[in-house]
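**Q** Below is the structure I would like to discuss, written out as structure tokens.
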Amino acid sequence: MKPAMETAAEENTEQSQERKVNSRAEMEIGRYHWMYPGSKNHQYHPVPTLGDRASPLSSPGCFECCIKCLGGVPYASLVATILCFSGVALFCGCGHVALAGTVAILEQHFSTNTSDHALLSEVIQLMQYVIYGIASFFFLYGIILLAEGFYTTSAVKELHGEFKTTACGRCISGMFVFLTYVLGVAWLGVFGFSAVPVFMFYNIWSTCEVIKSPQTNGTAGVEQICVDVRQYGIIPWNAFPGKICGSALENICNTNEFYMSYHLFIVACAGAGATVIALLIYMMATTYNYAVLKFKSREDCCTKF
Numbered sequence: 001m002k003p004a005m006e007t008a009a010e011e012n013t014e015q016s017q018e019r020k021v022n023s024r025a026e027m028e029i030g031r032y033h034w035m036y037p038g039s040k041n042h043q044y045h046p047v048p049t050l051g052d053r054a055s056p057l058s059s060p061g062c063f064e065c066c067i068k069c070l071g072g073v074p075y076a077s078l079v080a081t082i083l084c085f086s087g088v089a090l091f092c093g094c095g096h097v098a099l100a101g102t103v104a105i106l107e108q109h110f111s112t113n114t115s116d117h118a119l120l121s122e123v124i125q126l127m128q129y130v131i132y133g134i135a136s137f138f139f140l141y142g143i144i145l146l147a148e149g150f151y152t153t154s155a156v157k158e159l160h161g162e163f164k165t166t167a168c169g170r171c172i173s174g175m176f177v178f179l180t181y182v183l184g185v186a187w188l189g190v191f192g193f194s195a196v197p198v199f200m201f202y203n204i205w206s207t208c209e210v211i212k213s214p215q216t217n218g219t220a221g222v223e224q225i226c227v228d229v230r231q232y233g234i235i236p237w238n239a240f241p242g243k244i245c246g247s248a249l250e251n252i253c254n255t256n257e258f259y260m261s262y263h264l265f266i267v268a269c270a271g272a273g274a275t276v277i278a279l280l281i282y283m284m285a286t287t288y289n290y291a292v293l294k295f296k297s298r299e300d301c302c303t304k305f
């Protein structure tokens, strides 16, 4: 029987030799990976020794998990989605009410004959139905683009495992890029079209301000200041009366329908501008997502060979 001290010394010697062998094997494998970078796909997992113990500090805490989750949020797509929803809501809601107020003003003051503005009423009613479709489409499209931004963010890909892409996924991402560019160009036209009623109402309002000014108030020339909406092409030239002058025009400007419609058209135009900005951000985000998918697919092909 050997003494206890000699037995302990032999055990310590064996453990130190085992650790030297493990460290030497790790050094050889690290040098092999440095000389042949393609072999890094096969990771080496050293065999844990008896002296290794799992530390409770090695597991990530709540703060690290929150930071990792926040890093996976596509902030560009999120800002664009909020801006798009706000802009479309303002454009559709305010535009719908403003169009109804415009029809009421025309029927009461500028075109008393129903047959003269029958076509205009049908066009405005059709535009109101189109507004419903625009609101529904952009609600769904914004959610789809936001979901694509989440799934193509690198931090989220690390959370859900190894990155993988297919030709179908790249094709869908390219389709989103093309569709977003088309919608951006179309909304530039919508933004320009929404400025037309603002310009028309501004001319009427500025004419009323001229009538209310001290230089023209109380003079005989007030009745010669008129507004003819037939020149804008919204009602035919044979519409009666079609032109309002003087105090009658001032009374129109003092009605709630006029001021409500005027301000609602301004807000609708601002909403269309916000939607254009949102689509520009979507263009950059979808183009970046498509570039990431294409780059990652090429990188996967290169690592296979």
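Each residue of the sequence shown is one higher than the last, beginning at 1 in UniProt numbering.
Each residue gets a CB set at the ideal place from its N, CA and C atoms; glycine is no exception.
Predicted, not measured: the structure shown is a model, and the values here were computed from it.
Which residues in the same chain have their Cβ closer than 8 Å to the Cβ of T81, if we skip the five residues on either side of it in sequence?
**A** Within the same chain, T81 has close Cβ partners G142, I143, L145, L146, A278.
**Q** From the DSSP secondary-structure annotation, give me the bridge partner or partners of S111.
**A** Its beta-bridge partners are P241.
**Q** For T114, is the classification buried or exposed, using 16 other Cβ atoms within 10 angstroms of its Cβ as the cut-off for buried?
**A** When all chains shown are included, T114 counts as exposed.
**Q** Put S39 into one of helix, strand or coil per three-state DSSP.
**A** Residue placement at S39 is flagged as unreliable, the pLDDT there being 47, under the threshold of 50; the coordinate-derived value follows with that caveat. Helix.
**Q** Would you mind stating whether F176 and T275 have Cβ atoms separated by less than 7 Å?
**A** No, they are not a contact pair.
**Q** So A96 and Q128 are supposed to be a Cβ contact under 8 Å. How far apart are they, rounded?
**A** As written in the sequence, residue 96 is His, which differs from the Ala given in the question. Confirmed, Cβ separation roughly 5 Å.
**Q** Going by CA-CA distance only, name the one from E122, T112, N251, L83 that's closest to L99.
**A** Ranking E122, T112, N251, L83 by Cα distance to L99 puts E122 first.
**Q** Just reading off the alpha helix (DSSP H) that V227 is part of, what are its end residues?
**A** It is not in any alpha helix (DSSP H) - V227 instead sits in the beta strand (DSSP E) that spans 226-228.
**Q** With S213 as the anchor, note down where its alpha helix (DSSP H) starts and where it stops.
**A** Premise fails: S213 is in no alpha helix (DSSP H) and is neither H nor E.
**Q** Three-state secondary structure (DSSP) at I82?
**A** Correct three-state label for I82: helix.
**Q** CB-CB under 8 Å to F85, same chain, minus the five flanking residues each way: which ones, in chain order?
**A** F138, F139, G142, listed in sequence order.
**Q** Would you identify the three-state DSSP class for H96, choosing helix, strand or coil?
**A** Residue state, collapsed to three classes: helix.
**Q** Suppose you measure from the CA of L119 to the CA of I235; what does that come to, to the nearest Å?
**A** For L119 and I235, the distance between alpha carbons rounds to 9 Å.
**Q** With H, G and I counted as helix, E and B as strand and the rest as coil, what does DSSP make of V73?
**A** Coil at V73, not helix or strand.
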